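Asker: My structure is below; once you've seen it, I'll send some questions.
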């Protein structure tokens, strides 16, 4: 049970990190267009 919970936590954390990097790149591209 705990192992599955930890796996979900790690997956969610990786997903948030990935989304954060993508949004930073989008903001950088948006600033470059202006």
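Residue numbers (my numbering): 56 to 89.
Cβ coordinates follow ideal geometry from the N, Cα and C atoms, glycine included.
Small disclaimer: the values here were computed from a predicted structure and weren't measured.
Quick check: what's the CA-CA separation for residue 81 versus residue 71?
Answerer: Sequence index remark: in the chain shown, residue 81 carries index 26 (1-based). Sequence index remark: in the chain shown, residue 71 carries index 16 (1-based). Their Cα atoms are separated by approximately 15 Å.
Asker: Which residue marks the beginning of the alpha helix (DSSP H) containing residue 59, and which one marks its end?
Answerer: For the purposes of this step, residue 59 is identified with residue 4 of the chain shown, where counting begins at 1. Residue 59 -> alpha helix (DSSP H) spans 57–88.
Asker: Rounding to the nearest angstrom, what Cα-Cα distance links residue 63 and residue 79 in this structure?
Answerer: Here residue 63 refers to the residue found at position 8 when the chain shown is read from its first residue. Here residue 79 refers to the residue found at position 24 when the chain shown is read from its first residue. Taking the straight line joining both Cα atoms gives about 24 Å.
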